[in-house]
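In what follows, a structure is listed as C-alpha cells, so that the remarks can point back to it.
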Amino acid sequence: MIPRNIFVPLSRQIKPISTPRPISGVIPRHRPQPARVSGTLLPRKFSTTVRRETDFTHAVIGGGVVGLAIARKLQERRGSTVLIERHGGVGRETSSRNSEVIHAGLYYGADSLKTRLCLRGKSLLYSLCAKHQIPHRNCGKWIVAQDVQQLSALEKLHDFASNINVATHFLSKEEARRREPDVRAEAGVLESPSTGIVDSHALMQFLQGSFEDLGGVCAFHSPVTRIEAVESGRRGWEITVTCPSSTASKSNETTTITSSTLINSAGLSAIPLRNTLLPPTQHLTPYYAKGSYFSYSLSSPKPSTLVYPAPIPGHGGLGTHLTLDLSGRVRFGPDVEWTSDPSDYSVNDKNLSAAIADIQAYLPGVQAEAIGLDYVGIRPKLGKSSVTSGEGFLDFWIKGEEGFEGWVNLLGIESPGLTSSLAIAEEVEGVLYR
Ligand SMILES: Cc1cc2nc3c(=O)[nH]c(=O)nc-3n(C[C@H](O)[C@H](O)[C@H](O)COP(=O)(O)OP(=O)(O)OC[C@H]3O[C@@H](n4cnc5c(N)ncnc54)[C@H](O)[C@@H]3O)c2cc1C
C-alpha cells in the first residue's frame with residue numbers, strides 16, 4: 034500500500050542518514066555553495082567558463098529503481114547528489130509493480146539501447162546481487178510454441194539471440210516433458226538459461242542504502258512542481274517542490290533548491306515534466322499501458338521455470354506469461370490495456386477470461402477458478418507501440434536535451450528497465466561526462 038503523502042517541505046524531509054557524514058541533514062536553501070567537485074569531475078560537456086555555485090552537483094527526480102541506480106552512480110563521483118521523490122519512500126510506482134524478471138535481452142532490435150542496456154544491466158545485476166546477497170534466482174525461462182507459426186517466431190528469437198551472443202537452445206519433446214510435465218508446448222520450447230528473477234524491493238533498499246552511505250541525500254514527500262533552467266542550464270537548475278499544507282488554514286509550502294545538473298527519471302511523469310520546460314512544438318505525448326496481474330491460489334501446477342508464450346508481433350507486451358516470485362508463488366500476466374490515467378491502479382476483470390484462455394494454452398491443468406485478480410503496473414510509453422522489435426518498436430529515450438546544459442531526460446523506461454537499471458545509470462553518467 035502507498036502510505037499517505039504527508040507533504041512536509043523538502044528541507045524537513047531529509048531522511049536520517051545511517052552513518053555520520055559532514056552534512057547537516059538539511060538541504061541548504063538559497064545558500065549557494067561551491068560544488069564539492071574538482072575540475073576534472075565537472076561535466077566535460079558543459080561550459081566551465083561560468084563558476085557553478087549550486088546546492089548540489091546532481092539532482093535526480095524519481096526514486097524508482099532507475100533513479101536510485103543513477104543517483105548512486107553519480108554520487109560515486111564524489112559530487113553531491115539529491116534524489117527527489119514525491120512519495121514517502123522509494124519504489125512506490127512502476128518499480129514495485131512489475132514481473133521482477135531479469136530479462137535475457139531477446140526481444141529488442143540489435144542496435145537498440147534496450148538490447149545494449151539489458152545485456153549490460155543483466156550482467157551488472159547478477160554480479161551486484163551475488164556480491165551483496167540481494168535475493169535473486171537464475172531460474173531460466175521457457176518460450177513455448179503451440180503451432181508452426183509460433184515455432185517460426187521462436188526460431189527468429191533463437192537466431193536473434195545468437196547474433197547478440199545470448200545463449201538459447203531448443204529442447205527435445207522428451208526433455209521438455211520430463212522437466213515440466215504440466216507445461217504444454219505442442220510445437221517447441223526455446224529455453225533462455227540466463228533469465229532470472231530478483232527481489233526488486235530488496236534491490237531498491239540496497240541501492241538507497243548504498244547511495245546514502247556514499248553521502249547522497251534522499252528527499253521524500255517532495256513533489257517537484259517547477260523547474261527552471263538558469264541561463265539554459267549553464268548556471269544550473271532551480272527545482273521547486275510544493276507540498277500541500279497538512280493543515281487547512283495554511284497555504285502550500287514551497288522549497289527551491291539549485292543543482293548543476295538535472296536528471297529527469299520520473300517514470301510515468303517524465304514526459305509531462307519535460308514538457309513543462311519546452312515549447313509546445315517539442316512536446317511529446319505520454320501513453321500509458323496498464324498491465325494487470327492474476328494470482329493463483331493452488332499449489333499445482335507449479336512449474337519451476339518462467340513460461341512465456343511465443344511473442345505476438347505488434348503486441349504492447351510479452352503475452353500473459355507465468356512468472357514466479359522468490360517464494361515460488363506463481364503469478365500470471367501482465368495483459369495490456371491502454372489508459373489515459375497514469376494513476377489508475379484499479380484491477381478489473383475485463384480481461385480475465387481472455388487471460389485464462391491464454392494461460393490454459395500452455396498450462397492446461399490450471400484451475401480457472403483459482404485464478405484471481407492481483408495487482409496492476411503501468412508502462413510509461415512513448416507511443417502505442419510494440420514492445421518487441423519490428424514495426425512500431427520504440428526504444429528507451431535517454432538523452433541530454435539540446436539547447437540546455439546538464440539536463441538528461443529518461444523517457445519510455447518500460448521493460449526491461451528493471452534489468453537495465455544499473456546500465457542505464459552508466460549511460461546517464463556517459464551522457465553527462467563523456
Ligand atoms: C507491468 C510491468 C511489468 C514489468 N516487468 C519487468 C520485468 O519483469 N523486468 C524488467 O526488467 N522490467 C520490467 N518492467 C519495467 C520496469 O518496472 C521499469 O522499467 C522500471 O521500474 C522503471 O523504473 P523508474 O525508476 O524509471 O520508474 P518508477 O519506478 O515509476 O519511478 C519514478 C519515480 O518518480 C517519481 N516522480 C514522478 N514525478 C515526480 C515529481 N514531479 N516529483 C517527485 N517525484 C516524482 C514517482 O513517484 C516514482 O517513484 C515492467 C513494467 C511494468 C509496468
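Residue numbers for the sequence shown follow our numbering, so the first one is 34 and each next one is one higher.
Glycine included, C-beta positions come from ideal geometry on N, C-alpha and C.
Remember, it's a predicted structure, so these values are computed and weren't measured experimentally.
{"Asked": "The alpha helix (DSSP H) enclosing Glu370, as first and last residue numbers", "Found": "Taken as a continuous stretch (DSSP letters only), Glu370 belongs to no alpha helix (DSSP H), being part of the beta strand (DSSP E) at 370–372."}
{"Asked": "Segment limits, beta strand (DSSP E) that includes Val274", "Found": "270–276"}
{"Asked": "Start-to-end residues for the alpha helix (DSSP H) that takes in Ile103", "Found": "98–108"}
{"Asked": "Which residues DSSP lists as bridging Tyr141, in chain order", "Found": "Tyr141 is not bridged to any residue."}
{"Asked": "Anticipated Cβ contact below 8 Å, Val199 with Ile296, distance rounded", "Found": "That pair is no contact at about 29 Å."}
{"Asked": "Cα-Cα separation, Gly445 to Gly300", "Found": "8 Å"}
{"Asked": "Contact test: Pro305 Cβ vs ligand 1 heavy atom, cutoff 6 Å", "Found": "no"}
{"Asked": "Range of the contiguous beta strand (DSSP E) that encloses Lys164", "Found": "From DSSP, Lys164 is part of no beta strand (DSSP E) but of the alpha helix (DSSP H) over 146–165."}
{"Asked": "Near ligand 2: Gly450 beta-carbon under 6 Å from a heavy atom", "Found": "Ligands displayed in this structure: ligand 1; ligand 2 is not among them."}
{"Asked": "Any non-hydrogen atom of ligand 1 within 6 Å of Glu118 CB", "Found": "yes"}
{"Asked": "CA-to-CA distance, Val461 to Leu310, given in whole angstroms", "Found": "20 Å"}
{"Asked": "Arg27 Cβ short of 6 Å to ligand 1 heavy atom set", "Found": "In the structure as shown, the chain begins at 34 and stops at 467. Residue 27 is therefore absent and cannot be evaluated."}
{"Asked": "Integer Cβ distance of Pro342 from Ala394, believed to fall under 8 Å", "Found": "7 Å"}
{"Asked": "Opposing strand residues paired with Lys189 [DSSP bridges]", "Found": "Its beta-bridge partners do not exist; DSSP assigns none."}
{"Asked": "Sequence-distant residues of the same chain with beta carbon closer than 6 Å to Arg153, five excluded per side", "Found": "Ala456"}
{"Asked": "Residue from Gly97, Val99, Arg105, Val115 whose Cα sits closest to the Cα of Ser292", "Found": "Val115"}
{"Asked": "Ser225 versus Asp358 - alpha carbon distance", "Found": "18 Å"}
{"Asked": "Proximity winner among Glu438, Tyr466, Ile94, Gly95, relative to Arg268 (alpha-carbon distances)", "Found": "Glu438"}
{"Asked": "Which of helix, strand or coil DSSP assigns to Phe437", "Found": "coil"}
{"Asked": "Beta-carbon gap between Phe253 and Ile167 smaller than 7 Å", "Found": "no"}
{"Asked": "Asn131: CB within 6 Å of a non-hydrogen atom of ligand 1", "Found": "yes"}
{"Asked": "The stretch 392–412 touching the stretch 214–221, judged by at least three CB pairs closer than 8 Å", "Found": "yes"}
{"Asked": "Three CB pairs or more closer than 8 Å across the stretch 360–379 and the stretch 314–332", "Found": "yes"}
{"Asked": "Contact under 7 Å by Cβ, Glu133 with Ser233", "Found": "yes"}
{"Asked": "Rounded separation between Tyr468 and Pro449 - CA only", "Found": "Nothing in the structure corresponds to residue 468, since the chain is present only between 34 and 467."}
{"Asked": "For Gly398 and Val274, the rounded distance between their alpha carbons", "Found": "53 Å"}
{"Asked": "beta-carbon Val461 near ligand 1 non-hydrogen atom, thresh 6 Å", "Found": "no"}
{"Asked": "Cβ contact check for the stretch 96–110 and the stretch 121–132: 3 or more pairs under 8 Å", "Found": "yes"}
{"Asked": "DSSP state of Leu427 mapped onto helix, strand, coil", "Found": "coil"}
{"Asked": "Residues sharing a beta bridge with Arg364, DSSP", "Found": "Ser328, Thr356"}
{"Asked": "DSSP-derived helix/strand/coil call for Pro256", "Found": "coil"}
{"Asked": "Opening and closing residue of the alpha helix (DSSP H) in which Arg210 lies", "Found": "206–212"}
{"Asked": "Below-7 Å beta-carbon distance, Gly124 vs any chain B residue", "Found": "Of the protein chains in the structure, only one exists, and it is not chain B."}
{"Asked": "Glu207 versus Tyr140 - alpha carbon distance", "Found": "27 Å"}
{"Asked": "Thr452 versus Arg212 - alpha carbon distance", "Found": "27 Å"}
{"Asked": "Sequence-distant residues of the same chain with beta carbon closer than 7 Å to Pro334, five excluded per side", "Found": "Asp215, Leu396, Gly398, Val399"}
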